[in-house]
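Each remark here refers to the structure printed beneath this line.
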Amino acid sequence: MNRNVLITGGAGFIGSNFVKLYTDKYPEHKVINLDLLTYAGNLENLKSINSNHHQLVKGDISNRELVENIFSEHKIDSIFHFAAESHVDNSISGPEVFVKTNVLGTFTLLDVAKSHWLEAPNTLKSQYKNSRFLHVSTDEVYGELEKNGYFTEETPYAPNSPYSATKAGSDLLVRAYNKTYGLNTVTMNCSNNYGPNQHSEKLIPTVIRTCLSEKPIPVYGKGENIRDWLYVTDYCHAIDLAFDKGRSGESYNVGSDNEQTNINLVRKICQILDGIHPRKNGKHEDLIRFVTDRPGHDFRYAIDAKKIKNELGWKAEYSFESSLKQTVQWYVNQSLS
Ligand SMILES: NC(=O)c1ccc[n+]([C@@H]2O[C@H](COP(=O)([O-])OP(=O)(O)OC[C@H]3O[C@@H](n4cnc5c(N)ncnc54)[C@H](O)[C@@H]3O)[C@@H](O)[C@H]2O)c1
Numbered sequence: 038m039n040r041n042v043l044i045t046g047g048a049g050f051i052g053s054n055f056v057k058l059y060t061d062k063y064p065e066h067k068v069i070n071l072d073l074l075t076y077a078g079n080l081e082n083l084k085s086i087n088s089n090h091h092q093l094v095k096g097d098i099s100n101r102e103l104v105e106n107i108f109s110e111h112k113i114d115s116i117f118h119f120a121a122e123s124h125v126d127n128s129i130s131g132p133e134v135f136v137k138t139n140v141l142g143t144f145t146l147l148d149v150a151k152s153h154w155l156e157a158p159n160t161l162k163s164q165y166k167n168s169r170f171l172h173v174s175t176d177e178v179y180g181e182l183e184k185n186g187y188f189t190e191e192t193p194y195a196p197n198s199p200y201s202a203t204k205a206g207s208d209l210l211v212r213a214y215n216k217t218y219g220l221n222t223v224t225m226n227c228s229n230n231y232g233p234n235q236h237s238e239k240l241i242p243t244v245i246r247t248c249l250s251e252k253p254i255p256v257y258g259k260g261e262n263i264r265d266w267l268y269v270t271d272y273c274h275a276i277d278l279a280f281d282k283g284r285s286g287e288s289y290n291v292g293s294d295n296e297q298t299n300i301n302l303v304r305k306i307c308q309i310l311d312g313i314h315p316r317k318n319g320k321h322e323d324l325i326r327f328v329t330d331r332p333g334h335d336f337r338y339a340i341d342a343k344k345i346k347n348e349l350g351w352k353a354e355y356s357f358e359s360s361l362k363q364t365v366q367w368y369v370n371q372s373l374s
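Numbering-wise (the working numbering), the sequence shown opens with residue 38 and increments by one.
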């Protein structure tokens with residue numbers, strides 16, 4: 038069956054990697070990519086898309102009239118919802134746009150999908166019997182972990198930043214549209230991604246950018262916070278699989294048992310750069326500077342991904358060492374080109 042797909046936020050980091058994977062894998066599906074092209078969206082990220090069936094629409098997911106027009110014109114039957122304000126630091130200095138995009142925007146998409154796909158609660162219109170709404174969320178909704186333990190899909194929500202609170206709000210709206218109206222939904226809660234196309238504000242691009250310009254590398258606190266890093270292509274495969282085979286109303290945690298302290302990750306990147314782009318004098322590590330910690334900085338995130346592994350047969354394919362090296366090389370090439 039050929040699908041009419043709406044991908045939101047497809048000019049951002051994960052969204053653009055997903056659009057590439059999806060349009061290559063399903064060249065016959067029509068893909069409408071709705072992206073506001075905020076500071077985080079980048080048309081360069083879409084340069085490698087060579088599908089006649091991909092169309093970018095610049096606009097806001099919380100603009101109901103626009104979303105309704107897209108649904109009517111293109112008979113949208115599938116949504117992959119990536120669009121979000123995604124940077125925790127920005128949510129601390131300016132939370133309002135996070136509420137607007139992450140909560141109100143998700144609500145708008147859900148509500149328009151409901152009115153297009155459903156005749157009545159739990160009754161799909163016959164032409165939309167295969168419709169599905171896949172919501173891309175984060176592991177940050179679960180709050181933080183101490184040294185031990187993992188987030189499972191049963192972990193109670195306890196978001197700590199305005200960013201994670203708005204993502205939690207969006208997840209709960211998705212849940213409610215599934216439970217109340219029977220909308221066919223799947224939610225993904227994933228750990229930190231790395232790979233090409235990430236905005237320069239995020240940790241890995243920041244380390245590379247500051248190293249290449251011989252500036253201090255800012256590391257929060259003592260760099261002891263722990264994140265579980267997943268290569269973006271592995272995540273895109275998980276999303277594709279969960280859309281295809283996931284159970285309606287379920288959420289799936291995604292991670293690759295790859296916990297790194299921030300300082301360890303920064304040092305690894307410095308060592309890779311020492312090999313591929315050495316400094317004139319000294320090592321890149323010498324540029325590390327510890328800066329005042331982020332308020333409410335979650336100590337540790339770690340994912341138990343048993344559910345998606347056992348139920349859907351997903352597993353991470355990319356090794357951290359070689360994918361991190363390729364990622365660093367990618368950013369170096371970008372900055373030198
Ligand atoms: N990056 C990660 O490590 C990570 C981890 C877990 C979950 N997530 C989630 O994955 C999704 C994608 O993250 P990302 O890192 O690619 O984000 P990103 O910030 O790189 O991209 C977000 C995209 O959304 C667009 N956008 C923002 N507001 C919009 C609006 N109102 N209407 C339409 N488009 C809008 C931006 O222009 C941009 O292209 C987000 O929902 C995020 O919460 C990210």
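We put the CB at the ideal spot given by N, CA and C, even for glycine.
Predicted model only: the values in this text are computed from it and were never measured.
Contact set for residue i: own chain, Cβ-Cβ below 6 Å, skip 5 residues either direction
| i | result |
| --- | --- |
| Val369 | His314 |
| Gly206 | Val140 |
| Pro233 | Trp367 |
Check: residue i C-beta below 6 Å from any heavy atom of ligand 1
| i | result |
| --- | --- |
| Phe135 | no |
| Phe50 | yes |
| His172 | no |
| Gly78 | yes |
| Gly312 | no |
| Ala353 | no |
| Asn230 | yes |
| Gly180 | no |
| Asp148 | no |
| Gly131 | no |
| Thr138 | yes |
| Ile98 | yes |
| Thr175 | yes |
| Thr75 | yes |
8 Å CB neighbourhood of residue i in its chain, flanking five on each side removed
| i | result |
| --- | --- |
| Lys151 | Tyr214, Tyr218 and Leu220 |
| Leu210 | Val140, Thr143, Phe144 and Leu147 |
| Lys216 | Gly286 |
Rounded distance between the beta-carbons of residue j and residue i, thought under 8 Å
| i | j | result |
| --- | --- | --- |
| Val291 | Ile241 | No, Val291 and Ile241 are not in contact; Cβ-Cβ is about 18 Å, not under 8 Å. |
| Val56 | Asn70 | 6 Å |
| Gln235 | Phe50 | 4 Å |
Residues near residue i in its chain [Cβ-Cβ closer than 7 Å; skip 5 each side]
| i | result |
| --- | --- |
| Asp271 | Ser293, Ala353, Glu354 and Tyr355 |
| Thr203 | Phe135, Val136, Asn139 and Val140 |
| Thr189 | Asn290 and Asp341 |
Extent of the continuous alpha helix (DSSP H) to which residue i belongs
| i | result |
| --- | --- |
| His321 | No alpha helix (DSSP H) contains His321, which DSSP labels as neither H nor E. |
| Ile69 | Ile69 -> not in any alpha helix (DSSP H); beta strand (DSSP E) instead, spanning Lys67 to Asp72. |
| Glu110 | Arg101 to His111 |
| Ile300 | Asn299 to Ile313 |
| Arg337 | Looking at the DSSP string, Arg337 is not in any alpha helix (DSSP H), and its letter there is neither H nor E. |
First through last residue of the beta strand (DSSP E) which encompasses residue i
| i | result |
| --- | --- |
| His274 | Segment Val269 to Lys282 is the alpha helix (DSSP H) holding His274; no beta strand (DSSP E) there. |
| Pro255 | Ile254 to Tyr257 |
| Glu156 | Leu155 to Ala157 |
Proximity test, residue i beta-carbon vs ligand 2 heavy atom, cut-off 6 Å
| i | result |
| --- | --- |
| Gly142 | Among the ligands present in this structure, namely ligand 1, ligand 2 is not found. |
- Item | Touching by the beta-carbon criterion (3+ pairs, under 8 Å), the region 53-66 and the region 86-102 | yes
- Inter-stretch contact at 8 Å, needing at least 3 Cβ pairs: the region 258-266 / the region 293-311: yes
- Flag this pair as touching only if the region 324-331 and the region 245-260 have three or more C-beta atom pairs under 8 Å; answer yes or no. yes
- Query: Any contact of the region 168-175 with the region 111-120, i.e. 3+ C-beta pairs under 8 Å?
  - Reply: yes
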